[in-house]
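Student: Residue numbers (this note's numbering), protein chains in the order written: chain A, 333 to 992; chain B, 84 to 316.
(1) Rounding to the nearest angstrom, what Cα-Cα distance links residue 510/A and residue 305/B in this structure?
(2) Work out the CA separation of residue 868/A and residue 906/A for me, nearest whole Å.
(3) Hey, would you say residue 791/A sits closer than 8 Å to residue 634/A, going by beta carbons?
(4) Taking Cβ to Cβ, would you say residue 973/A is nearer than 8 Å to residue 936/A?
(5) Would you list the one or two residues that DSSP bridges to residue 432/A?
(6) If the cut is a Cβ gap below 7 Å, which residues of chain D does residue 271/B touch?
(7) So residue 264/B contacts chain A; which residues on that side make the cut at Cβ distance below 8 Å?
(8) What residue does the beta strand (DSSP E) around residue 399/A start on, and which one ends it?
(9) Look up residue 500/A in the DSSP assignment and say whether it is helix, strand or coil.
(10) Could you work out which residue in 963/A, 573/A, 897/A, 542/A is closest to residue 410/A when comparing CA atoms only?
(11) Measuring straight from C-alpha to C-alpha, what distance separates residue 278/B and residue 596/A?
(12) Does the stretch 717-726 of chain A touch the stretch 894-906 of chain A, meaning 3 or more C-beta pairs lie closer than 8 Å?
(13) Is the CB of residue 237/B under 8 Å away from at least one CB in chain A?
(14) What is the DSSP secondary structure of residue 298/B, counted as helix, strand or coil?
(15) In its own chain, which residues sit with a C-beta less than 8 Å from the C-beta of residue 948/A, not counting the 5 before and 5 after it?
(16) With 8 Å as the threshold, decide whether the Cβ of residue 288/B is near any Cβ in chain A.
(17) From the DSSP secondary-structure annotation, give me the bridge partner or partners of residue 151/B.
(18) List in chain order: all unbroken alpha helix (DSSP H) runs of 4+ residues lying wholly within the stretch 668-699 of chain A.
(19) Ordered along the chain, which non-local residues of its own chain (more than five positions away) have a Cβ less than 6 Å from that of residue 689/A?
(20) Using the rule of at least 16 other Cβ atoms within 10 Å of the residue's Cβ for burial, across every protein chain shown, is residue 124/B buried or exposed?
(21) Residues in its own chain within less than 7 Å of residue 831/A by CB, not counting five upstream and five downstream?
(22) Can you tell which of 493/A, 383/A, 793/A has its C-alpha closest to the C-alpha of residue 925/A?
(23) On a CA-only basis, which of 591/A, 568/A, 439/A, 515/A is nearest residue 530/A? Give me that one, please.
(24) Check the Cβ-Cβ distances between residue 161/B and every residue of chain A, and say whether any is below 8 Å.
(25) Can you tell me where the alpha helix (DSSP H) holding residue 191/B begins and where it ends?
(26) Closest by CA to residue 244/B, which one among 156/B, 309/B, 142/B?
(27) Between residue 728/A and chain B, is there a C-beta pair that is closer than 8 Å?
(28) Apply the 10 Å Cβ neighbour rule to residue 204/B and answer buried if 16 or more other Cβ atoms are within range, or exposed otherwise.
(29) With a threshold of 6 Å on Cβ separation, who are the neighbours of residue 237/B within its own chain once the five nearest residues in sequence on each side are excluded?
(30) With distances taken Cα to Cα, identify the nearest neighbour of residue 847/A among 959/A, 858/A, 712/A, 640/A.
(31) Run through the DSSP bridge pairs and tell me what residue 218/B is partnered with.
(32) Is residue 640/A helix, strand or coil when you go by DSSP?
(33) For the candidate residues 294/B, 195/B, 285/B, whose alpha-carbon lies nearest to that of residue 627/A?
(34) Which residue from 274/B, 263/B, 225/B, 188/B puts its Cα closest to that of residue 115/B?
(35) Write down every uninterrupted run of the alpha helix (DSSP H) in the stretch 923-990 of chain A whose length is 4 residues or greater and which is fully enclosed by it, in chain order.
(36) For the pair the stretch 957-974 of chain A and the stretch 914-929 of chain A, tell me if three or more CB-CB distances fall below 8 Å.
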């Protein structure tokens, strides 16, 4: 999950020197960003954690600079949307220095990026991060030698331990130096690269590098070319490219890539030594069984059970009980009631604050006493999963199921993130390769992936129902997801992308990062959710005062009571569900606690609210990422579908006489 | 395997004086095929002349000392037989290479040019790459070479798709035929890379240097590899 709307540029940012953090995916750019700027951006152990750009101020020895964190790239010839973002920063933003973060144990891939930065003519400071992991694997890099060879500063860091960060800061202040690393692409490519360079306008990077992108057939460059060149010149570029490919007889992109890899390999053979590795047996064992075709399944169930115990039983049970009954029930609510009674003798305002639809008694109680403990415990469990490196392994396990849904296993990342927060998950669909994949994934997220708050509330309710209720809920939701994806894949034109995902090493989650991440997400939750909870409460209060609530409940009666077989009062939960699904779920939770629903009704209401329209915040993100038309079509499909599914379940339960 | 005999296409397109060697090669090849077809080690000169479309073919070949004419029938001399075997072997290996590895349909003309163009070193390398195949795509035998005799015990082809390779093995990438080629290259997986196959189910997981990636079976089918000798564990 990214930076939750806090990534706006510093207002004075434009005046400061800009420094871009660039590197392969999952090498620790965001950790280094956090250490240099003191600003937390989400750090996890899987490629693609950062999908958008964050920037922050750095103060090194009195010099203020603007540091930009970017999504990871394997090549500056972008192959997905997040990679394009990074390339565009270099192309258009003219950073005065690039801090390249590399993985010490993967020097070859690091140097392939360095070669491209050198080609662009950008000054670089290289830091080889994760030196500890390289050491464990018996890998040593001659940093001094490499520094002399490339003519740039080569630092070494172990970011989570802050090792080498100070030295890196000092290196940033030195006179910027461009790396001396040039790759020869052979006579044909070199000839056409210089021909094309002659036609190109000036940009943040060298003309040679842009011409190589053109030769490699980089589609994502089209937009930039159109904005900066006239049509005739673009046509001339295309003609040159055609000619070059004809002469070359094979893919220019591949020839370019191979030449870079060859050059990088030469350097690696000189500057890297590999001794036999010390195996970390426990980590290797966990890594191995987590993707084992047989043992991987019990591992998955163990993980799910662990989450259920921690979030459903401990978070939604013990913690909510404590917050709701003790903190709010015995202390806060009576205290507020007493104070407000005395201080504000106006009945309507009293009611607005502490009445049935009161800001304190409803909005704050729901958000802080019911939802917060659940989300916080979920965020902890989730952070541990993210940091261990289990999520990409889950993709290995579930690739085939995702194939049925018209997606590749890679889509498990946004889907699982959706269990944290739908808005962030929709943004993470950027890591998927095709527009079609992003559309299906967004649809499924909006359709039936409950966010952490909602999931926690649901788990809490299901935990107090029965194991069978839990199984029915899980099966129904899975069925909806698979069927929804299967149908969407049939309706949408195109073919699914083939599965390709980098699997990071298994790592022991760091308590400090787990805590920091949970804190930052909880703060974000409060900032984003509480105002909407208050808004929802105010709407209910107003509707109630104007006697409209009764009318609406009456109007919805045929659907809510007739089709779904739920108590009329649940209409309220669905109304506020339009604002936030978790608020709706919390309303159901409160009703269930008061004994206003039978177990079967509880189950139907939970399934319905799970499928119900995504919350306002995700709706806005869907508009931003996929466009207004798509967003509205999704709502138009999903809302009636939720009712149909709820009604079907209700009918099934009463028809079969199934005891929940 | 197709059993039908292909049309004889390796005919000389130039006068025999101008490209004597090539003419000889074609005639040797023609004679080899006639002998193979008739099941006897000698044939009438008229047949060979007809095959070559050159009334004097038999006489010209006899002058070069590649064939002998006895009792009105032509047969190979020892040097002629050795040379004919090599040509046939190169031609049929080329057919296998074009048909199996490059997946081409119309390869006959190219096989004909190829047979004259390669050295015995390349011939052995191709034979090894293909796993010392016993027959050409039309089902006719490929004469054994030295390399085949050395590897008589090895029956599995040396180059296979990753999807047909064993888990735990270490492989060298021979060539790639997948739309994912650029993505694979971006993490360093190109022709010549060494990869280790960690698992095949539920998805393929492989390791290249210190990078681990997961891919579909479809992608694995497009990665052709050769097992690294003595590295299997």
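Beta carbons are placed, not taken as given, at the ideal position from N, Cα and C, and that holds for glycine. Only a predicted model underlies this, so the values are computations on that prediction, with no experimental measurement involved.
Tutor: If we stick to the structure as given:
(1) Roughly 39 Å between the two C-alpha positions.
(2) Going by the C-alpha atoms only, they are around 11 Å apart.
(3) Cβ distance not < 8 Å, so residue 791/A and residue 634/A don't count as in contact.
(4) The beta carbons of residue 973/A and residue 936/A sit no closer together than 8 Å.
(5) 354/A, 458/A.
(6) Absent from the structure is chain D; the protein chains it does hold are A and B.
(7) Against chain A, the beta carbon of residue 264/B has neighbours under 8 Å at 583, 586, listed in chain order.
(8) In this chain, the beta strand (DSSP E) harbouring residue 399/A covers 395-401.
(9) Judged by DSSP in its simplified three-state form, residue 500/A adopts helix.
(10) Of the candidates 963/A, 573/A, 897/A, 542/A, the one whose C-alpha sits nearest the C-alpha of residue 410/A is 542/A.
(11) Rounded to the nearest angstrom, the gap between the Cα atoms of residue 278/B and residue 596/A is 18 Å.
(12) Judged by Cβ distances under 8 Å, the stretch 894-906 of chain A makes no contact with the stretch 717-726 of chain A, as fewer than three pairs qualify.
(13) In this prediction, residue 237/B has a pLDDT of 49, which is less than 50 and means its spatial position is unreliable; what the coordinates show is noted afterwards. So, not an interface residue.
(14) DSSP, read as helix, strand or coil, puts residue 298/B in strand.
(15) Once the five neighbours on either side are set aside, the close Cβ partners of residue 948/A are 864, 910, 911, 912.
(16) Answer yes: the Cβ-Cβ gap between residue 288/B and chain A drops below 8 Å somewhere.
(17) Its beta-bridge partners are 158/B.
(18) Entirely contained in the stretch 668-699 of chain A, the alpha helix (DSSP H) runs reaching 4 residues are, in chain order, 679-686.
(19) Leaving aside the five residues that flank residue 689/A on each side, the residues in its chain whose CB is nearer than 6 Å to its CB run, in chain order, 869, 872, 873, 876.
(20) With fewer than 16 neighbouring CB atoms inside 10 Å of its own CB, residue 124/B falls in the exposed class.
(21) Hits under 7 Å: 731, 740, 741, 742.
(22) Among 493/A, 383/A, 793/A, the Cα nearest to that of residue 925/A belongs to 793/A.
(23) Ranking 591/A, 568/A, 439/A, 515/A by CA distance to the CA of residue 530/A puts 568/A first.
(24) For residue 161/B, the answer is no, since every Cβ of chain A falls outside 8 Å of its Cβ.
(25) Unbroken alpha helix (DSSP H) run through residue 191/B: 191-200.
(26) Looking at the Cα atoms, 309/B is the closest of the given residues.
(27) Closer than 8 Å to some Cβ of chain B, the Cβ of residue 728/A qualifies, so yes.
(28) Exposed, since its Cβ has fewer than 16 Cβ neighbours within 10 Å.
(29) A caution first: residue 237/B carries a pLDDT of 49, below 50, which makes its placement in the model too unreliable to give a value.
(30) Cα-wise, what sits closest to residue 847/A is 712/A.
(31) The secondary-structure analysis by DSSP pairs residue 218/B across a beta bridge with 224/B.
(32) Residue 640/A: helix per DSSP, three-state reduction.
(33) The option with the nearest alpha carbon to residue 627/A is 285/B.
(34) Ranking 274/B, 263/B, 225/B, 188/B by Cα distance to residue 115/B puts 225/B first.
(35) Listed in chain order, the complete alpha helix (DSSP H) runs (minimum 4 residues) inside the stretch 923-990 of chain A are 931-943, 948-958, 960-988.
(36) Verdict: no, contact absent.
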